[in-house]
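> Just so we're aligned: 295 in the working numbering is position 171 of the sequence shown, and the numbers increase by one with no gaps anywhere. Virtual Cβ for every residue (Gly too), placed ideally from N, Cα, C.
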Amino acid sequence: MELLNQIKENAKKANKKIVLPEGTEERTLKATEILLKEGIAQIILLGNPETVKANAASLGVCIDGATIVDPATDSNRDAYADIMVEIRKKKGLTKEKALDMLNDPLCFGPIMIKAGHADGEVAGAINATGDVLRPAFQFVKTLPGMSVVSGAFLMFLKDKTFGHEGVMVFSDCAVMPETNDKQLAEIAVATAKTAKAIVGMDPKVAMLSFSTKGSAKHDVVDKVANATKIAQEMAPEFKIDGELQLDAAIVEEVAALKAPESPVAGKANVLIFPSLEAGNIGYKLVQRLAGAQAVGPVLQGMAAPINDLSRGCSVSDIVNLVAITATQAAG
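Okay, here's the thing in structure tokens:
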């Protein structure tokens, strides 16, 4: 796809160091070969070097050019532990406990980023989302002014009349089960920034609900309406409007009837769902029934790009998410 190819080209220019904690895993090794061959990013694989190389050899995969780091023996362990203790000293973290935590590649990766030895991370091919994100939250933390992390999906639609030439961004589909109005507003602003930085689109953000401009009354509608106002105040440079029903957000004929004054209705390319439940169901419906390609989740709100894969991911999914992560790291 043209956009994915452009993202890869942007990643090549950025030449960022991306750490892959699941360095012995089959799809990760196959993706590494592609990433190195295409020059998309510098790759750091975590794991015992002998095991990593043996697994690659058994797969017939060439990973020459990758840096292999063993969390159990790396010379930076002591310095990394000091960083961890400084960050978590109020939580009672000791040096001994920190050194033990560093044996886990999912902890080691974020500390590499914190120390400036890597620019981003991609993991989750064989680990649960919670296990990937926990050390990221603890040590990398969120961007200044952000209280919430969310997960956006780039949706590549077959029907190019929707979104930005067939590309839409959906959020939050991966992280926050429940949000208040301020958090939902932060997610909207973060997703607009993702859409602009990664996709290059002019974001038109629809705050979705089962109501359009007061057509229904309920506390959850009020939350979306309030979040819309907060998001507009947070980021007046973006077109953000709501609350909007889905058809009013993306179908011009419906928008003309339900929200004729809206700068977003009928033209939305970024959809903000009112809950994780709705977002997760929504992106999977579009993926499965409309045959869209879903790339992500792209995590938003972190102080450094750390992205989580689905355990059902393909090799190409890993390649694409590394390219996106490198693009995020480029700023």
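Would you mind working out which of Pro301, Ile396, Asn134, Asn139 sits nearest alanine 373, comparing C-alpha positions?
When only C-alpha atoms are compared, the closest one is Ile396.
> Along the beta strand (DSSP E) that carries threonine 315, what are the first and last residues, could you check?
Looking at the DSSP string, threonine 315 is not in any beta strand (DSSP E); the run it does join, the alpha helix (DSSP H), is 305 to 318.
> Going by CA-CA distance only, name the one from Gln166, Ala165, Glu149, Lys161 that's closest to proline 173.
It is Glu149.
> Which residue or residues does DSSP assign as beta-bridge partners of alanine 247?
Asp432, per the DSSP bridge assignment.
> Are there 16 or more other CB atoms within 10 angstroms of the CB of glycine 184, so buried, or fewer, so exposed?
The residue in question, glycine 184, is exposed, as its Cβ has fewer than 16 Cβ neighbours within 10 Å.
> Which residue wins for smallest C-alpha separation from alanine 190, given the options Lys177, Ile442, Leu278, Asp198?
Cα-wise, what sits closest to alanine 190 is Lys177.
> Are the beta-carbon atoms of proline 259 and aspartate 224 separated by less than 9 Å?
Not closer than 9 Å, so no.
> Span of the beta strand (DSSP E) holding glutamate 367?
Per DSSP, glutamate 367 belongs to the beta strand (DSSP E) from 363 to 368.
> Could you spell out the range, first to last residue, of the beta strand (DSSP E) harbouring phenylalanine 263?
That residue, phenylalanine 263, is in no beta strand (DSSP E); it is neither H nor E in DSSP.
> Can you tell me whether DSSP reads glycine 406 as helix, strand or coil?
If DSSP states are grouped into helix, strand and coil, glycine 406 belongs with the helices.
> Using a Cβ cut-off of 9 Å (strictly closer), state whether asparagine 179 contacts chain C.
This model lacks chain C altogether, as it is built from one protein chain only.
> What residue from Val419, Cys297, Asp305 has the CA that sits closest to lysine 347's CA?
When only C-alpha atoms are compared, the closest one is Asp305.
> Please identify the residue among Cys186, Asp198, Gly403 whose C-alpha is closest to the C-alpha of glycine 171.
It is Asp198 whose Cα lies nearest to the Cα of glycine 171.
> For serine 182, count the other beta carbons within 10 Å of its own beta carbon; 16 or more makes it buried, fewer makes it exposed. Which is it?
Exposed, since its Cβ has fewer than 16 Cβ neighbours within 10 Å.
> Which one of Gly248, Lys219, Lys221 has the shortest CA to CA distance from glycine 233?
Looking at the Cα atoms, Gly248 is the closest of the given residues.
> What do you reckon, are the CB atoms on lysine 140 and alanine 351 nearer than 9 Å?
No, these two residues do not count as a Cβ contact at 9 Å.
> Just to confirm my understanding: we take cysteine 437, look at its own chain, exclude 5 residues before and 5 after, and list those with CB closer than 6 Å. What are they?
Closer than 6 Å at the Cβ level, and outside the excluded window around cysteine 437, lie Ala249.
> Whose C-alpha, out of Lys215, Val246, His288, Gly290, is nearest the C-alpha of glutamine 503?
Lying before the first or after the last residue shown, residue 503 is absent from the chain, which here runs from 125 to 455.
> Out of Ser274, Glu377, Val388, state which residue places its alpha-carbon closest to the alpha-carbon of alanine 298.
Checking every option, the nearest Cα to that of alanine 298 belongs to Ser274.
> May I ask you to list the residues that DSSP assigns as paired with glycine 420?
DSSP lists no partner for glycine 420.
> Could you tell me the distance, in whole angstroms, from the CA atom of isoleucine 158 to the CA atom of alanine 447?
Approximately 11 Å between the Cα atoms of the pair.
> Tell me which same chain residues have a C-beta within less than 7 Å of the C-beta of alanine 340, skipping the five on either side of it?
Same-chain partners within the cutoff: Phe334.
> Are the Cβ atoms of asparagine 393 and isoleucine 131 separated by less than 9 Å?
No, the Cβ-Cβ distance between asparagine 393 and isoleucine 131 is not below 9 Å.
> Threshold first: 4 residues or longer. Then list the alpha helix (DSSP H) segments lying entirely within the stretch 133 to 185, N to C.
With a minimum length of 4 residues, the continuous alpha helix (DSSP H) runs that stay inside the stretch 133 to 185 are 150 to 162, 173 to 183.
> Are valine 264 and alanine 428 close, meaning C-beta to C-beta below 9 Å?
Result yes, Cβ atoms of valine 264 and alanine 428 sit closer than 9 Å.
> Spatial neighbours of valine 375 within its chain, please: CB distance less than 8 Å, with the 5 preceding and 5 following residues excluded, ordered by chain position.
Counting only Cβ-Cβ distances below 8 Å, and skipping sequence neighbours, we find Gly390.
> Expressed to the nearest angstrom, what Euclidean distance is found between the alpha-carbon atoms of glycine 324 and alanine 135?
Roughly 14 Å separates the two Cα atoms.
> Looking at the unbroken beta strand (DSSP E) that takes in valine 291, where does it start and where does it end?
Where valine 291 is concerned, the enclosing beta strand (DSSP E) stretches over 291 to 295.
> Under the rule that 16 or more other beta-carbon atoms within 10 Å means buried, what is proline 145, buried or exposed?
Looking at its Cβ environment, which holds 16 or more other Cβ atoms inside 10 Å, proline 145 is buried.
> Can you tell me where the beta strand (DSSP E) holding leucine 267 begins and where it ends?
Careful: leucine 267 lies outside any beta strand (DSSP E) and carries neither H nor E.
> For aspartate 296, is the classification buried or exposed, using 16 other Cβ atoms within 10 angstroms of its Cβ as the cut-off for buried?
Classification for aspartate 296: buried.
> Find the nearest neighbour of lysine 238 within the set Arg201, Asp255, Ala155, judged by alpha-carbon distance.
Checking every option, the nearest Cα to that of lysine 238 belongs to Arg201.
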